[in-house]
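Residue numbers (this note's numbering): 105 to 358.
Here the structure comes first, spelled out in structure tokens, and everything after it is commentary.
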Amino acid sequence: MDVVFVEDYEAMSRRAAEIVAGQIRQKPDSVLGLATGSTPLGLYHLLCRWYAAGRLDFSAVTTFNLDEYIGLSPTHPQSYHAFMQKHLFSKVNLCPVRCFLPDGMAGDVLAEAGRYDARIEAAGGIDLQVLGIGRNGHIGFNEPDDHFAVRTHRAYLSDDTIKANARFFPRLADVPREAISVGMGAIMKAQRVVLLASGPDKAEAVHRAVCGVVTPRVPASILQLHRAATVLVDADAAALVPEKWRHAGRIHIG
Ligand code: F6R
105 MDVVFVEDYE
115 AMSRRAAEIV
125 AGQIRQKPDS
135 VLGLATGSTP
145 LGLYHLLCRW
155 YAAGRLDFSA
165 VTTFNLDEYI
175 GLSPTHPQSY
185 HAFMQKHLFS
195 KVNLCPVRCF
205 LPDGMAGDVL
215 AEAGRYDARI
225 EAAGGIDLQV
235 LGIGRNGHIG
245 FNEPDDHFAV
255 RTHRAYLSDD
265 TIKANARFFP
275 RLADVPREAI
285 SVGMGAIMKA
295 QRVVLLASGP
305 DKAEAVHRAV
315 CGVVTPRVPA
325 SILQLHRAAT
335 VLVDADAAAL
345 VPEKWRHAGR
355 IHIG
């Protein structure tokens, strides 16, 4: 795991966009794993800008999002389908038939989860996985648990995640309690992983994921075992990482 310290949200977003753009330039038919949430908004904004400026071509790219709420249709404004449409898909030349998210309306969640894993495998796996991190250390909707879920699965959102996501819904009661989430198998098999973390409310999670033991109680900690994981943290999110870690060799100041 490489931990790259950058100054602020803008620098984190730029660094992430350079990594994604480099991936697409090097392999135009890349398979990208994508996240939603507030953290990657700056990254998506830059990718859209660079596409508009003729600097990027998404025509051969395939995308797989990490998750979708169970019970929200793609047209629901808070669905992750709608989020991706708004912030990326509608603004670049991604081919719609190659943009995948789990179907939150699937009658049989288990079957949908199996289909999603099979699609990822048929695409050759993920080349570059973009991740955010929850305040409790979750990645995708892999919540703290006593085991790591390997396959795509029905995820039960923790109280903390429900509270954090309430900012997007009119009332706390409206926040879905369940989601379909990619498991650790697809994430750990990705050729490269980039986790983004910004802001003081991520400091505890970053500290535990980067400096703590590898445990399903802190799902992101599994990335310590990934052969090509980069954690891009801004100063606020890195606040609890001890100074000596910044000279540990595998950690870089960006
Ligand atoms: C979203 C996802 C989540 C978020 C995490 C952080 O697809 O998988 O793991 O990355 O909840 O969300 P933000 O960025 O809103 O703080």
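Ideal placement from N, C-alpha and C gives every residue a C-beta, glycine not left out.
CB contact flag (residue i, residue j, <8 Å)
i    : j    : result
A333 : L299 : yes
H257 : P320 : no
Q130 : L232 : no
G218 : A139 : no
V165 : L198 : yes
D171 : S285 : yes
Y260 : L192 : no
W154 : L145 : no
A313 : A343 : no
F262 : P248 : Before going further, note that residue 262 is Ser rather than Phe in the sequence given. For S262 and P248, yes; Cβs fall inside 8 Å.
V108 : R119 : yes
I174 : P346 : no
I123 : F162 : no
F272 : Q189 : no
N246 : G289 : no
L205 : H185 : yes
Residue i classed as buried or exposed, judged by whether at least 16 other C-beta atoms fall within 10 angstroms
i    : result
S177 : exposed
T143 : buried
V322 : buried
G353 : Residue confidence for G353 is low, a pLDDT of 45 falling below 50, so the modelled location carries little weight and cannot support an answer.
L327 : buried
L359 : The structure shown does not extend to residue 359, since the chain is modelled only from 105 through 358, so no value can be given for it.
E111 : exposed
A121 : buried
A371 : In the structure as shown, the chain starts at 105 and stops at 358, and residue 371 therefore has no counterpart that could be examined.
E114 : exposed
E225 : exposed
G126 : exposed
Integer Cβ distance of residue i from residue j, believed to fall under 8 Å
i    : j    : result
M105 : S302 : That belief does not hold up - the Cβ atoms of M105 and S302 are roughly 18 Å apart, past 8 Å.
V135 : G244 : About 16 Å separates the two Cβ atoms, so there is no contact after all.
D264 : R239 : 6 Å
S325 : V335 : 11 Å between Cβ atoms; not a contact.
V310 : V337 : 6 Å
Enclosing beta strand (DSSP E) for residue i [first to last residue]
i    : result
V196 : Here V196 belongs to no beta strand (DSSP E), and DSSP marks it neither H nor E.
L138 : 135-138
R296 : 296-301
Q233 : 232-235
DSSP bridge partner residues for residue i (one or two, in chain order)
i    : result
R60  : Residue 60 falls outside the range modelled here, since the chain spans only 105 to 358, and no answer is possible.
Y173 : A283
D106 : T334
I243 : N246
T167 : L136, C203
Bounding residues of the alpha helix (DSSP H) (the contiguous stretch that carries residue i)
i    : result
L147 : 145-156
S183 : It is not in any alpha helix (DSSP H) - S183 carries neither H nor E in the DSSP assignment.
R118 : 113-130
T265 : 263-269
R275 : Per DSSP, R275 belongs to no alpha helix (DSSP H) and is neither H nor E.
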